[in-house]
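Read through the structure below, which is laid out as structure tokens, and then see the notes.
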Amino acid sequence: MTRRGAASLNKSLAGFLAHEDPEKLLSLFAAKIRQCRGLGSVDFACALRACRGSSKHWPLVPEIHAKAITCGLGGDRIVGNLIIDLYAKKGLVWQAKQVFEELSARDNVSWVAMLSGYAQNGLGEEAIGLYHQMHRSGVAPTPYVLSSVLSACTKAELFEQGRLVHVQIYKQGFGSETVVGNALIALYLRFGSFCLAERVFCDMPYCDRVTFNTLISRHAQCGHGESALEIFDGMRLSGWRPDCVTIASLLAACASIGDLYKGRQLHTYLLKAGMNPDYIIEGSLLDLYVKCGDVEEALEIFNSGDRTNVVLWNLMLVAYGQVTDLSKSFDLFCQMLAAGVRPNQFTYPCLLRTCTYTGEINLGEQIHSLSIKTGFESDMYVSGVLIDMYSKYGWLDKARRILEMLEAKDVVSWTSMIAGYVQHEFCKEALATFKVMQLFGIWPDNIGLASAISACAGIKALRQGLQIHSRVYVSGYSADVSIWNALANLYARCGRSKEALSLFEAIEHKDNITWNGLVSGFSQSGLYEEALKVFIKMYQSGISYNVFTFASSISASANLADIKQGKQIHARVIKTGYTSETEVANALISLYGKCGSIKDAKVQFFEMSEKNDVSWNTIITSSSQHGCGLEALELFDQMKQEGLKPNDVTFIGVLAACSHVGLVEEGLGYFNSMSSEHSIQPRPDHYACVVDILGRAGQLDRARKFVEEMPISADAMVWRTLLSACRVHKNIEIGELAAKYLLELEPHDSASYVLLSNAYAVSGKWAYRDQIRKMMKDRGVRKEPGRSWIEVKNMIHAFFVGDRLHPLANQIYKYLANLNDRLEKIGYRQENHSLFHDKEKEQKDPTALVHSEKLAVVFGLMSLPPFMPLRVIKNLRVCNDCHTWMKFTSDVMAREIVLRDVYRFHHFNNGNCSCGDFW
Numbered sequence: 003m004t005r006r007g008a009a010s011l012n013k014s015l016a017g018f019l020a021h022e023d024p025e026k027l028l029s030l031f032a033a034k035i036r037q038c039r040g041l042g043s044v045d046f047a048c049a050l051r052a053c054r055g056s057s058k059h060w061p062l063v064p065e066i067h068a069k070a071i072t073c074g075l076g077g078d079r080i081v082g083n084l085i086i087d088l089y090a091k092k093g094l095v096w097q098a099k100q101v102f103e104e105l106s107a108r109d110n111v112s113w114v115a116m117l118s119g120y121a122q123n124g125l126g127e128e129a130i131g132l133y134h135q136m137h138r139s140g141v142a143p144t145p146y147v148l149s150s151v152l153s154a155c156t157k158a159e160l161f162e163q164g165r166l167v168h169v170q171i172y173k174q175g176f177g178s179e180t181v182v183g184n185a186l187i188a189l190y191l192r193f194g195s196f197c198l199a200e201r202v203f204c205d206m207p208y209c210d211r212v213t214f215n216t217l218i219s220r221h222a223q224c225g226h227g228e229s230a231l232e233i234f235d236g237m238r239l240s241g242w243r244p245d246c247v248t249i250a251s252l253l254a255a256c257a258s259i260g261d262l263y264k265g266r267q268l269h270t271y272l273l274k275a276g277m278n279p280d281y282i283i284e285g286s287l288l289d290l291y292v293k294c295g296d297v298e299e300a301l302e303i304f305n306s307g308d309r310t311n312v313v314l315w316n317l318m319l320v321a322y323g324q325v326t327d328l329s330k331s332f333d334l335f336c337q338m339l340a341a342g343v344r345p346n347q348f349t350y351p352c353l354l355r356t357c358t359y360t361g362e363i364n365l366g367e368q369i370h371s372l373s374i375k376t377g378f379e380s381d382m383y384v385s386g387v388l389i390d391m392y393s394k395y396g397w398l399d400k401a402r403r404i405l406e407m408l409e410a411k412d413v414v415s416w417t418s419m420i421a422g423y424v425q426h427e428f429c430k431e432a433l434a435t436f437k438v439m440q441l442f443g444i445w446p447d448n449i450g451l452a453s454a455i456s457a458c459a460g461i462k463a464l465r466q467g468l469q470i471h472s473r474v475y476v477s478g479y480s481a482d483v484s485i486w487n488a489l490a491n492l493y494a495r496c497g498r499s500k501e502a503l504s505l506f507e508a509i510e511h512k513d514n515i516t517w518n519g520l521v522s523g524f525s526q527s528g529l530y531e532e533a534l535k536v537f538i539k540m541y542q543s544g545i546s547y548n549v550f551t552f553a554s555s556i557s558a559s560a561n562l563a564d565i566k567q568g569k570q571i572h573a574r575v576i577k578t579g580y581t582s583e584t585e586v587a588n589a590l591i592s593l594y595g596k597c598g599s600i601k602d603a604k605v606q607f608f609e610m611s612e613k614n615d616v617s618w619n620t621i622i623t624s625s626s627q628h629g630c631g632l633e634a635l636e637l638f639d640q641m642k643q644e645g646l647k648p649n650d651v652t653f654i655g656v657l658a659a660c661s662h663v664g665l666v667e668e669g670l671g672y673f674n675s676m677s678s679e680h681s682i683q684p685r686p687d688h689y690a691c692v693v694d695i696l697g698r699a700g701q702l703d704r705a706r707k708f709v710e711e712m713p714i715s716a717d718a719m720v721w722r723t724l725l726s727a728c729r730v731h732k733n734i735e736i737g738e739l740a741a742k743y744l745l746e747l748e749p750h751d752s753a754s755y756v757l758l759s760n761a762y763a764v765s766g767k768w769a770y771r772d773q774i775r776k777m778m779k780d781r782g783v784r785k786e787p788g789r790s791w792i793e794v795k796n797m798i799h800a801f802f803v804g805d806r807l808h809p810l811a812n813q814i815y816k817y818l819a820n821l822n823d824r825l826e827k828i829g830y831r832q833e834n835h836s837l838f839h840d841k842e843k844e845q846k847d848p849t850a851l852v853h854s855e856k857l858a859v860v861f862g863l864m865s866l867p868p869f870m871p872l873r874v875i876k877n878l879r880v881c882n883d884c885h886t887w888m889k890f891t892s893d894v895m896a897r898e899i900v901l902r903d904v905y906r907f908h909h910f911n912n913g914n915c916s917c918g919d920f921w
């Protein structure tokens, strides 16, 4: 072929390329090959450039490459540079590298093509190595080379190497190049160094649209929506008009800060500017309206958009999920399937989260099944949401199976499982899972650490909590508020008040969770006064209360039996409108029940609009403790009629009610129904209740037989209950048997020795009583002294047996003597049975034998107004004599006396007791 003919053909190829007609160009190129005409590097270059535009032409690239080799152009620089670029963009980096190595001569384009190839495929270390090779070869870098190297460092997260390249850039004088500045900004933004990125931006003499788009996009991705909008203002002042990338990023910025007004302005600008929305813009618009809660506008965008785009379907599912409209979510999902749009790994989580929010766990199971059929169950994202859904609703075994099935477990999957265990109080399992996660090499995030700390708090595992606390600093989460909240709660629940308060004070931005964690932590650890102090300080600091605040503070008041403080909190509950909250109402029932005001407890219960099992359990238990056993059983029947299933706690209250009113056969019937009707396995507490029922009724032989035939080993509570009944009914034989087992189980518990000693004393076996006392002394066991408390004028007054330490002791004993004279006139006689034999009584001052509850009641009679009930708390069981004495006192003094002993409440009024003399 003549030189003129070849030139004419080359001109034709270039013409087709210039007019973007790759089909004709490739046809002409193929014709040249078939005619065996001479082909040069220009021909191959034109053909390779034609293959860039469409993926359908990609299969021709290897063929053209092979033909170039046969034509002796395998090492040609022009052809090689294009092949390197095409291979790298297709992910064939090592083929590109081979072509690069075989080039006869390399220019800057060759180095840039190879460096860009590494960068595009995330091979940052290879890109850095090639850059050093280029430097050693004596090739001077260009701005595009440096830009490619920096891009590689950004994608491969090689921050330090990127900073070293930055130093070289300044040394070589490329700092003013826009393409280099853009790459540096992208690098620093990727690693969160916004200050360094801003410094590079300010030093750039010329910024283009890419500069502004990079800044706006990254700020929007990091949730800095306001900063992104400020940069956009600067962009407009610089004379740059936004493109689709700018608008998409700005819409994301508005969505992140919930600025619907500015988002609408951008939408209007988009329409006025005549910009043709691509799938990214459509997605960003839909995301804006979804996150800002405008579901109707979101639906309009969705209906006018590309209905084949799965992203738009997913966003619309999120929109319905946010308003917890499961029905529309599921309808939309069905429409999606009918339209032939294949769900992806983000579709199922959208639906599953909505099922989680709405509690539709059964529908969630169906969606789970569908994800298995479509092959997405093993996807980490889908599995993570499934684990979260099942674990939140207590299906922990199923959640665990999904976790174990995953080949690649990420931190989200592990954390969801740990959080699920903590939520349902399986704290040991949570900590074990936390340990296994670390063995797999997964570093916990802030949520995982906070959950693990909460697990430690749940079982008061202070040592493990301290270890995790130290890891917080190593992990870089020392400023995370959720972790600090969990730590403060941990130390509070473990009774370490100083550490808890120190951490609390160190938290700069305290929220409701911070305050509530401290209040509940102190309340649960028995530091009730500390809990109430924090509650008051919370009010003084202007922090608004919520359900958890009230529930914890009321619980603290209940455990202190501080009805006055509890009523003040109740008043605030009414003012703030939380009376309808079930958790708060339950706490109030417990408060009034524990403070002896069963009437108020019942009022609170019957005023509740929604009652759960805790509500019923609390009122049943309270009624039982106040001697209203028959009412407690009626409430139990009502509970079942309401459709609520009784649990193990319910039956504790029911069995105690039977015990307190002497319903032996009924109590045994309820006990047997636990397993036969309700599938509840009785715990040691339930067996102890049955022993108490039989023991109080004097059926001690039957009680012993019941204990001996128990399917589980009797614990200390069971034997102690039996021993206590033996003391009351003076059955030494069975009492000695119970004491034998009890002392083996708890050799250092003073109550066991005291019960046996008293049993011997009331039976007149003084020598045996003395042996038990000597045994206590030899073993170093100290008896817990009887104490009683009464509140007068905001002060708690405590009394011991025969107490002479009170400032008004003389007046109290004088008042008591006069009162006893009046009681004896109407029939009161002091109990004949005594824990001291006659010789001991002769040696003691009679006042030394006066029990603490009598002293507390007398002090109350002296100090409180006649209309006010006397509320006394005692740490031991009230004796027969004191019980009788209080009945007579309530009659003579016309006063209501409420005595709370270690077992129950006694309401004395008009000479009668609520227990019916059966306690």
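Using the working numbering, the letters of the sequence shown correspond one by one to residues 3 to 921. For every residue, glycine included, the Cβ atom is placed at its ideal position computed from N, Cα and C. These numbers were taken from a predicted model, which means no experiment stands behind them.
Item                                                                                                              : Value
Those residues which DSSP pairs with M797 across a bridge                                                         : V794
For H909, the first and last residue of its enclosing beta strand (DSSP E)                                        : 907-911
Stretch pair the segment 778-785 + the segment 808-826: three plus CB contacts closer than 8 Å                    : no
Nonlocal neighbours in the same chain, by C-beta distance under 6 Å from M237, ignoring five residues either side : F214
For S499 and A558, the rounded distance between their alpha carbons                                               : 15 Å
Touch test, the segment 878-890 against the segment 590-609, Cβ-Cβ under 8 Å, three pairs minimum                 : no
Secondary structure of N588, DSSP reduced to three states                                                         : helix
At least three beta-carbon pairs within less than 8 Å, the segment 882-892 to the segment 629-639                 : no
Residues near L62 by beta carbon distance below 6 Å, same chain, minus five either side                           : C53
Outcome for D245 when other beta-carbon atoms lying within 10 angstroms are tallied against a minimum of 16       : exposed
Alpha helix (DSSP H) segments (min. 4 residues) lying fully within the segment 663-695                            : 666-678
Beta carbon of V474 nearer than 8 Å to that of L451                                                               : yes
Neighbour-count burial assignment, D703, 16 or more Cβ in a 10 Å radius                                           : exposed
Straight-line gap, A47 to L84 (C-alpha atoms, nearest Å)                                                          : 7 Å
Those runs of the alpha helix (DSSP H) which lie wholly inside the segment 93-138 and span at least 4 residues    : 95-104, 110-122, 126-138
Proximity to S624 [Cα-Cα], best of L186, S195, R902                                                               : R902
As assigned by DSSP and simplified to three states, the class of P648                                             : coil
Nearest neighbour of V81, chosen from I66, T144, L670 [CA to CA]                                                  : I66
Opening and closing residue of the beta strand (DSSP E) in which I714 lies                                        : First-last for I714: undefined, no H or E at that position.
Beta-ladder partner(s) of C915, from DSSP                                                                         : F910
Distance between P686 and S715 (C-alpha atoms, nearest Å)                                                         : 9 Å
Spatial neighbours of E668 in its chain, beta-carbon cut-off 8 Å, leaving aside the 5 residues before and after   : L635, C660
C-beta atoms of T326 and T349 nearer than 8 Å                                                                     : no
Where the alpha helix (DSSP H) through L273 begins and ends                                                       : 262-274
Residues near V111 in its chain [Cβ-Cβ closer than 6 Å; skip 5 each side]                                         : N83
Buried versus exposed call for G544 [16 or more other C-beta atoms within 10 Å across all chains shown]           : exposed
Boundaries of the beta strand (DSSP E) in which L901 is found, first to last residue                              : 899-902
Euclidean distance between Cα positions of A2 and I374                                                            : Because residue 2 is not part of the residues shown, which for the chain are 3 to 921, the question remains open.
Proximal residues to A222 (C-beta, below 8 Å), its chain only, five neighbours per side dropped                   : A230, S251, L252, A254, A255, S258
S220 in three-state terms, based on DSSP                                                                          : The amino acid occupying residue 220 in the given sequence is Arg; Ser does not appear at that position. Helix.
Alpha-carbon spacing of D639 relative to C597, whole angstroms                                                    : 26 Å
Distance, H908 Cα to D447 Cα                                                                                      : 53 Å
Chain C within 8 Å of K876, Cβ atoms only                                                                         : Absence of chain C from the displayed structure is noted, only one protein chain being present.
Nearest-angstrom Cα separation, counted from S677 out to C630                                                     : 26 Å
Helix, strand or coil at F335 [DSSP, three-state]                                                                 : helix
Rounded C-alpha distance that separates R309 from W315                                                            : 8 Å
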